[in-house]
Amino acid sequence: MSVQQPWAFAIARGGKTVSNQGLPAAYRGPLLIHASMRVDLKACDSPLVQAAGWDPRDPLATIGAVIAVADLEDVCSATVPGGSCDCGPWADPGSHHWHLGAVRALPRPIVAIGHPGLWQPKPSLVNEVNTMFATTAALNNTT
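So the working numbering is basically just the index in the sequence shown, starting at one, shifted up by 25.
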């Protein structure tokens, strides 16, 4: 899924476990977190984003690249019809709250073209992500 910066960074580095979306999703499972080519400049000063450690010099603050993998574990739609929920400080009223877990930041960004909403990555991109994680794990086991 493509996410604007600094929100993508907050998912990858800062514990943002809720993604606010306009639509629900039946899908559950792994997602590539793609930092889109757009930046929400107002959000860069958000106290939540600042608390997440936002640093535009961090490699995961890049745009136009996959920066993490997360599992879409659940979707809360309680606030959409005007109800309430307890999805935490990252949850916006009136949105579907996609709950993300097991977030794994990539050791370095992988340049890729994203798409709005959920999208199917090319197998070569998935292979590159898996290889990067495997190589990093192997290096960590030998040191």
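Here a beta-carbon is modelled for each residue, glycine too, at the ideal position from N, C-alpha and C. Predicted model only: the values in this text are computed from it and were never measured.
Here the alpha carbons of S120 and L150 stand approximately 29 angstroms from one another. Looking at the backbone, the Cα of V128 and that of I36 are separated by about 7 angstroms. Burial state of M26 is buried, judged by a 10 Å Cβ sphere holding 16 or more other Cβ atoms.
Check the Cα spacing between A60 and each of L73, S71, V136: the tightest is with V136.
Look at the region 88 to 154 and you find no whole run of alpha helix (DSSP H) that is 4 residues long or longer. Nearest to G40 by alpha-carbon distance, out of K147, T156, T160, V94, is V94. Under the DSSP assignment, R38 falls in the alpha helix (DSSP H) whose first and last residues are 32 to 38. Taking a C-beta distance under 8 angstroms as the contact criterion, T42 and H140 do not qualify as a contact pair.
A straight-line Cα-Cα distance of about 10 angstroms links S102 and N45. The continuous beta strand (DSSP E) containing P55 extends over residues 54 to 64. Of A162, G47, G89, G107, the smallest CA-CA separation from P134 is found for G89. In this chain, the beta strand (DSSP E) harbouring S44 covers 43 to 46. Contact annotation: A68 and P31 have beta-carbon atoms nearer than 8 angstroms.
If the five residues before and after C110 are omitted, its C-beta is found closer than 6 angstroms to the C-beta atoms of C101, A103, T104, all from its own chain and listed in chain order.
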